[in-house]
Ligand code: T5A
Ligand code: NA
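In the UniProt record's numbering, the protein residues as written are 5 to 214.
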């Protein structure tokens, strides 16, 4: 079948960081930069607020519904698992994915509420492993000055300080940690350079699960 012609897989590129650090702005810029180079790429965002679990998560984040901390942690994880078949299929057909938050957010935020960090990692075990994690590092006090801050559940400086230190404890040598206090253009230049290198590297590396 023509559609089964072997071609290099796409890369799984993850953008992480605290609230209002500029992830969505950078994901948009990165997609444009990849498309400009003729790279087939699409955006993915977690939580996906459109699915059944996502609708419940959305109500929770807006403060319209209370859910037990453990239960909501499992919902965020389920929300990722719901997309895994589709994500794998896209990567295998050669589409690179720019993912706005992933399992690292799941662990960093739930552990910041007091849940055990190791417990938090379990439900996401087996998800596809990212080819690159770009961490947009921003002082929570600077983040709090940005437009729209404070509208959702976790947008408090003390919470965001704990989230930041949890992210730092999850980071390994493969993460690219970027100073997110710079201009959008400055950050975007670093993001696209790292992403393009990861797209190249992914072509000769098999997809794997964590
Ligand atoms: N969560 C998520 C969990 O608890 N567990 C999980 O498993 C997952 C996946 C919602 C919440 O859910 C939690 C984490 C979150 O608290 P979300 O929908 O991704 O997650 O919401 P946020 O991450 O908070 O997304 P935001 O839209 O708030 O922020 P972004 O995307 O980081 O930032 P962005 O690009 O929208 O920019 C925010 C503002 O800053 C400006 C922008 O213009 C905008 O006004 N800005 C800059 N200003 C100055 N300099 C720059 N370089 C700037 N870049 C952007
Ligand atoms: Na937010």
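Don't be surprised by glycine CBs; every beta carbon is placed ideally from N, CA and C. Keep in mind it's a predicted model, so treat the numbers as computed, not measured.
- Annotated as distal: residue 24 and residue 132, with beta-carbon spacing of 9 Å or more.
- Nearest C-alpha to residue 162 among 113, 126, 52 and 46: 113.
- A contact is defined here as three or more CB-CB pairs under 8 Å, and the stretch 28-40 fails this definition with respect to the stretch 143-156.
- Residue 212 has its CB no nearer than 8 Å to any heavy atom of the ligand T5A.
- Rounded to whole angstroms, residue 191 and residue 203 show a C-alpha spacing of 18 Å.
- 9 Å or more divides the Cβ of residue 158 from the Cβ of residue 137.
- A residue is called buried once 16 or more other Cβ atoms fall within 10 Å of its Cβ, and residue 135 is buried on that count.
- Taken in chain order, the whole alpha helix (DSSP H) runs of length 4 or more contained in the stretch 129-194 are 144-148 and 161-174.
- Residue 20 is classed as buried because its beta carbon has at least 16 other beta carbons within 10 Å across all chains shown.
- Rounded to whole angstroms, the separation of the alpha carbons of residue 57 and residue 46 is 22 Å.
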